[in-house]
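Peer 1: Numbering (numbering that gives the first Met the number 0), first residue to last: 0 to 591.
Even for Gly, the Cβ is constructed at its ideal location relative to N, Cα and C.
I have a structure I would like to understand better, so I am pasting it below and will then ask my questions one at a time.
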Amino acid sequence: MTQIFDNPADFADEALDGFVAANRGYVARVDGGVVRSTEMTPGHVALVIGGGSGHYPAFAGLVGPGLAAASACGNMFASPAAGQVYRVAKAANAGGGVLLSYGNYAGDVLHFGQAQLRLNAEGIETRTVLVTDDIASAPLDQIEKRRGIAGDLTVFKIAGAAAEAGLNLDDVERLAITTNHRTRSLGVAFGGCTLPGASEPLFNVPDGQMSLGLGIHGEPGISEHPMPTASELAELLVSRLLADKPDDAGDRVVAIVNGLGTVKYDELFLLFGKVEPLLNKAGLTVVEPECGELVTSLDMSGLSLTLLWLDDELEQFWAAPADTPAYRKGNLAPRTRREMAGPEAATAEETEKATAASADLGRLAAAVLAQVRDVVVEHEEELGDLDAIAGDGDHGIGMRRGVDAAAAAGKQNAAAGASVERVLTEAGEAWSERAGGTSGALWGSAVIAAGLALGNRESYQAADASAAVTAFTDAITELGKAEPGDKTMVDALLPFRDAFRKAADGGASLGSALAIAAAAATEAARQTADLRPLKGRARPLAEKSLGHPDPGAVSFGLITERIATYIESGAGTSDADNSKLAAAAGNGAKND
Ligand code: ADP
Ligand code: MG
């Protein structure tokens with residue numbers, strides 16, 4: 000049970016504030032997480048880790064020399080938003096590029112992925128290595144689908160040490176990938192964890208039972224067992240991990256016995272004492288092991304065993320010193336404090352000189368966003384009901400939160416005379432931060448991508464509209480990785496893009512190209528009723544969804560229809576200032 004708080008809704012934020020106050024020699028607060036409070040060496044790679052809160056010392060406790068440069072910290076068990084990851088990574092960047100590394104969870108992948116696109120677009124070279132060590136979450140031949148648990152530590156430690164040694168981004172990334180490929184974990188739970196303010200735990204394990212392979216957010220385990228003795232538990236964990244060992248494994252391993260929240264250190268030590276002889280019996284030598292709380296799950300009663308099969312290079316970086324609030328090893332020379340801009344300065348907007356054409360287009364974009372908000376509000380309930388059939392029923396409310404925030408950000412920036420790039424990137428960021436859910440991350444990133452594609456130019460041509468539609472589409476397919484037929488919004492998005500391009504290339508005006516494309520999207524959305532969902536939250540309830548269209552595809556159809564109607568009516572481009580823009584943005588290539 001979590002007991003110490005004023006308001007449960009502020010738990011993660013206030014805990015992080017107190018953590019920073021108590022560890023000011025290591026970390027400083029930035030919007031969305033924490034960054035080292037000591038100097039980074041210029042030109043070094045910045046390892047940026049993160050995820051939901053509730054896993055301390057992961058993730059903020061692992062920030063310091065020899066380990067992470069910064070951590071993006073979300074709400075309890077919830078991914079940080081893309082904008083937060085972006086700001087944290089920007090504060091951490093020392094000129095050598097950024098490596099994002101975090102456990103493989105859908106929400107984190109979308110939000111960190113979106114931040115990565117944005118960092119790269121701004122010229123901060125950014126790569127990602129996902130941690131996928133949990134052998135209970137998918138078979139070995141689908142290792143890329145596995146979740147990340149305590150194996151976070153091995154990947155972060157080795158990547159952090161490589162960055163500290165001055166290796167370049169290619170090498171730091173390569174070492175992180177190798178470490179992840181050679182790391183395996185398996186966890187057990189004896190009792191659930193309770194979110195601050197909740198009266199019931201997220202899950203329960205029956206008395207006298209143990210759940211094998213349960214996830215660190217209470218995701219169901221793979222099997223239930225009568226509570227074993229320590230020796231039996233060691234035998235079970237070791238044998239399962241060894242059966243899953245990587246192909247190129249050597250005979251030197253790191254072993255980590257990790258407590259998930261309420262198992263006492265003495266118990267963890269006792270178990271470690273049983274684990275090592277079993278590894279030795281299997282011909283393995285244990286190198287610099289760890290035993291303690293490293294990746295936790297609030298007050299969950301449980302533990303995990305992690306093995307990392309070393310090679311010479313990995314062993315050197317595993318053994319290297321590190322100095323963070325929660326993880327210290329060897330000796331590192333003291334660092335000078337870095338001059339931190341205050342939080343206000345860090346978020347203060349850089350000034351922008353918008354061109355007249357881009358500011359015009361920015362006003363049109365804001366007006367379009369207001370239309371998008373209206374149509375979502377009109378259909379909020381219907382979209383929620385559709386999502387409740389096989390999903391979690393939040394598509395209406397999630398889209399509503401997203402478009403409310405996006406329309407407000409769009410309006411504010413357009414009124415200030417911002418470029419279309421600024422209007423759309425701010426709107427997309429607001430959408431993603433406020434909406435939550437898969438669709439929020441996807442729409443947010445797509446709106447940002449369209450804004451970046453339109454940029455801040457002296458003039459706009461018809462081809463720019465096609466480029467924006469393409470960037471919008473690519474952002475969603477690159478982030479969400481859904482294929483046609485998976486029953487997602489992509490099933491409406493791709494027909495929209497194709498119809499739009501064809502019409503625009505054929506000389507149609509912007510309004511009529513949009514109308515043709517929106518009709519194609521609406522029809523394709525209708526046809527998703529015949530499909531079974533293969534992605535997203537609806538996947539486990541695929542049969543229930545048959546006969547009903549996909550909510551994300553339906554909302555996409557509705558939104559694009561509304562935009563087309565608005566542009567075709569000329570409402571957004573009626574005043575004299577905007578007529579030039581209408582000519583540039585609205586007419587097809589052969590229509591001059
Ligand atoms: P959540 O699924 O997180 O509850 P929403 O309910 O707001 O989010 O959105 C659900 C919609 O998101 C689905 O109907 C589908 O169209 C879309 N979606 C889910 N996963 C993906 C994906 N990987 N790629 C594209 N669209 C997706
Ligand atoms: Mg949903």
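1. I'd like to confirm something about VAL237: is its beta-carbon nearer than 7 Å to some heavy atom of ligand 1, or not?
2. Closest to GLY112 by CA distance: which of ALA502, GLY479, GLU542 is it?
3. Helix or strand or just coil, what does DSSP make of ASN257?
4. Is THR627 helix, strand or coil when you go by DSSP?
5. Are the beta-carbon atoms of PHE316 and ALA160 separated by less than 8 Å?
6. Return the chain-ordered ranges of every alpha helix (DSSP H) run that is complete within the segment 255-313 and spans a minimum of 4 residues.
7. Would you mind sorting LEU139 into buried or exposed? The rule is 16 or more other CB atoms within 10 Å of its CB.
8. Within the structure, which residues are defined as neighbours of ligand 2 by a Cβ-heavy atom distance below 5 Å, reported in chain order?
9. Beta-carbon within less than 6 Å of ALA242's beta-carbon, same chain only, minus the 5 sequence neighbours each way: which residues are those?
10. So, at 7 Å on beta carbons, what are the nonlocal neighbours of LEU309 in its own chain, with the 5 sequence-adjacent residues on each side left out?
11. Could you confirm whether any beta carbon from chain C is found closer than 8 Å to the beta carbon of SER544?
12. Does the segment 91-109 come within contact of the segment 142-149, defined as at least 3 CB pairs closer than 8 Å?
13. Once DSSP output is grouped into helix, strand and coil, what is the label at SER52?
14. Short check: CB of LEU269 to CB of ALA229, under 8 Å?
15. Rounded to whole angstroms, what's the CA-CA distance from PHE471 to LYS156? Just pull it up for me.
16. Is SER568 buried or exposed, if buried means 16 or more other CB atoms sit within 10 Å of its CB?
17. Quick check: is any heavy atom of ligand 1 less than 7 Å from the C-beta of LYS480?
18. My parser needs the alpha helix (DSSP H) runs of 4 or more residues fully inside the segment 79-141; what are they?
19. ALA405 and GLY427 - do their beta-carbons sit closer together than 8 Å?
20. From GLY258 to SER136, what distance separates their C-alpha atoms?
21. Any idea what DSSP makes of PHE189, helix, strand or coil?
22. Kindly list the residues whose CB is nearer than 6 Å to the CB of ASN22, restricted to its own chain and excluding five residues on each side of it in sequence; keep chain order.
23. Going by the beta-carbon positions, is the gap between VAL187 and LEU166 smaller than 8 Å?
24. Take the Cβ of THR335 as the centre, count every other Cβ of all protein chains shown within 10 Å, and call the residue buried at 16 or more, exposed below.
25. For ASP384, verify whether its CB is less than 7 Å away from any heavy atom of ligand 1.
26. Figure out for me which residue from HIS180, LEU283, VAL97 has the closest Cα to the Cα of THR131.
27. Between the Cα of ALA8 and those of PHE76, ASN203, VAL367, PRO64, spot the shortest distance and give me the residue it belongs to.
28. Kindly confirm or deny that the segment 518-526 and the segment 492-505 touch, where touching means at least three C-beta pairs closer than 8 Å.
29. So within the segment 325-393, which uninterrupted beta strand (DSSP E) runs reach at least 3 residues, ignoring any that extend past its ends?
30. How would you write the range of the beta strand (DSSP E) that PRO225 sits in, first residue to last?
31. Which of helix, strand or coil does DSSP assign to ASN74?
32. In the structure shown, what three-state DSSP assignment does THR182 receive?
33. Are the segment 352-366 and the segment 43-57 touching, with three or more C-beta to C-beta distances below 8 Å?
34. Comparing the CB of ASP549 with every heavy atom of ligand 1, is any distance shorter than 7 Å?
Peer 2: Taking the coordinates as given:
1. Every heavy atom of ligand 1 is 7 Å or more from the Cβ of VAL237, so no.
2. Selected option, being the one with the closest Cα: GLY479.
3. Three-state result, ASN257: strand.
4. Lying before the first or after the last residue shown, residue 627 is absent from the chain, which here runs from 0 to 591.
5. In terms of Cβ geometry, PHE316 and ALA160 form a close pair [threshold 8 Å].
6. Every unbroken stretch of the alpha helix (DSSP H) spanning 4 or more residues and falling wholly within the segment 255-313 is given here in chain order: 264-280.
7. An exposed status is given to LEU139, since fewer than 16 other beta-carbon atoms sit within 10 Å of its beta-carbon.
8. Here the list is ASP386, GLY390, ASP391, ASP393, HIS394.
9. The answer is none, since no qualifying residue turns up.
10. If we look at LEU309 and ignore the five residues flanking it on each side, its Cβ neighbours are GLY249, ARG251, VAL252, VAL253, VAL286, TRP317.
11. Among the protein chains of the structure shown there is no chain C, as only one such chain exists.
12. Yes: the two stretches touch, three or more of their Cβ pairs being nearer than 8 Å.
13. DSSP, read as helix, strand or coil, puts SER52 in strand.
14. The Cβ atoms of LEU269 and ALA229 lie closer than 8 Å to each other.
15. Those two C-alpha atoms are separated by around 36 Å.
16. Exposed: under 16 other Cβ atoms inside 10 Å.
17. In this structure, LYS480 has its beta carbon less than 7 Å from a heavy atom of ligand 1.
18. 81-91, 105-120, all fully within the segment 79-141.
19. In contact: GLY427 and ALA405 (Cβ atoms closer than 8 Å).
20. GLY258 and SER136: Cα-Cα distance of roughly 19 Å.
21. It is a strand residue.
22. These residues qualify, in order along the chain: PRO324.
23. No, they are not a contact pair.
24. Under this definition THR335 is an exposed residue.
25. No, Cβ of ASP384 sits at least 7 Å from all heavy atoms of ligand 1.
26. For THR131, the nearest C-alpha among the options comes from HIS180.
27. Among PHE76, ASN203, VAL367, PRO64, the Cα nearest to that of ALA8 belongs to PHE76.
28. Short answer: they touch.
29. Restricted to the segment 325-393, not a single beta strand (DSSP E) segment is unbroken, complete and at least 3 residues in length.
30. 222-225 is the extent of the beta strand (DSSP E) around PRO225.
31. Correct three-state label for ASN74: strand.
32. It is a strand residue.
33. No contact exists between the segment 352-366 and the segment 43-57.
34. At least one heavy atom of ligand 1 is nearer than 7 Å to the Cβ of ASP549, so yes.
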